[in-house]
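Quick note, the sequence shown lines up with residues 1038 to 1230 if you use this note's numbering.
Inspection log for the structure reproduced underneath, given as structure tokens.
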Amino acid sequence: MNLNELLNALDSGEIIAGGSPGHAAMHEASQASLRIAGELNTGYHPPARVRALLAELTGSPIDETVTLFPPFTADFGRNIRLGKRVFINSGCRFQDQGGISIGDDCLIGHNVVIATLQHDVAPSRRSDLIPSPVIIGRNVWLGANVTLLPGVSIGDDSVIGAGSVVTADVPAGVIALGSPARVVRAVDEYVQG
């Protein structure tokens, strides 16, 4: 199975059975991701070089308005889509086989983890991989140490509080926090003071 066939299978939600040609192709692609991440995370690189390495990792152009502070890791790299003016702070880990889409103007805090793969619960199929995309809308802020679980969507303009674990979709324009994350109020209701 080649990379394009694997991406098509992942994007269609096809289960990748442990030991299958798809599983082997995923591991091969992950080695390339580890190599690029290794270079990205070794020493200082100016912003343009960081974007160039991120483009190599994702296999897609990265807008000049995107900012990434290493270290950063991605298990696969090829299934990440970034909008414009996205800021990704240091220590983030993306497990992107199932697909990660981040909209324009998003802020991704320190040590955010985005997971897009689940394993089968049955012990005999535990090595099977079940891809589920994570979609982050426009102008979302994920606080430090947030974890997004497979298959969740975050609506435009929402804020996820630091340390939260998002297990279900979060609507647009709200503040959600906790583990599991729960909506606590609308963004427009919050006034600092």
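Yeah, the Cβ is synthetic: ideal placement off N, Cα and C, and Gly gets one too.
What you are looking at is a predicted structure, and each value in this text was computed from that prediction instead of being measured.
Pairwise C-alpha distance: residue j and residue i
i       : j       : result
Ile1052 : His1156 : 9 Å
Asn1041 : Gly1059 : 11 Å
Ser1049 : Leu1043 : 10 Å
Thr1153 : Ala1209 : 21 Å
Leu1077 : Ser1067 : 15 Å
Arg1086 : Leu1105 : 11 Å
Gly1075 : Ala1069 : 10 Å
Asn1039 : Phe1131 : 22 Å
Pro1107 : Phe1124 : 11 Å
Phe1109 : Thr1079 : 11 Å
Asp1112 : Met1063 : 9 Å
Test item: CB-CB of residue i and residue j under 8 Å
i       : j       : result
Gly1055 : Ser1169 : no
Ile1212 : Arg1222 : yes
Ile1151 : Ile1137 : yes
Ile1173 : Cys1143 : yes
Ala1159 : Gly1180 : no
Asn1148 : Cys1129 : yes
Val1189 : Val1203 : yes
Asn1176 : Ile1145 : no
Gly1140 : Gly1114 : no
Glu1093 : Ile1073 : yes
Gly1135 : Leu1047 : yes
Val1171 : Pro1187 : yes
Leu1090 : His1082 : yes
Ser1097 : Arg1122 : no
Val1224 : Asp1193 : no
Residue i, DSSP secondary structure in three states
i       : result
Val1221 : strand
Arg1122 : coil
Arg1163 : coil
Leu1144 : strand
Leu1186 : coil
Beta-ladder partner(s) of residue i, from DSSP
i       : result
Ser1138 : Arg1118, Ile1172
Gly1215 : Ala1218
Leu1179 : Ile1145, Ile1197
Leu1154 : Pro1168
Segments assigned beta strand (DSSP E), at least 3 residues, entirely inside the region 1047 to 1112: Correct list: 1109 to 1111.
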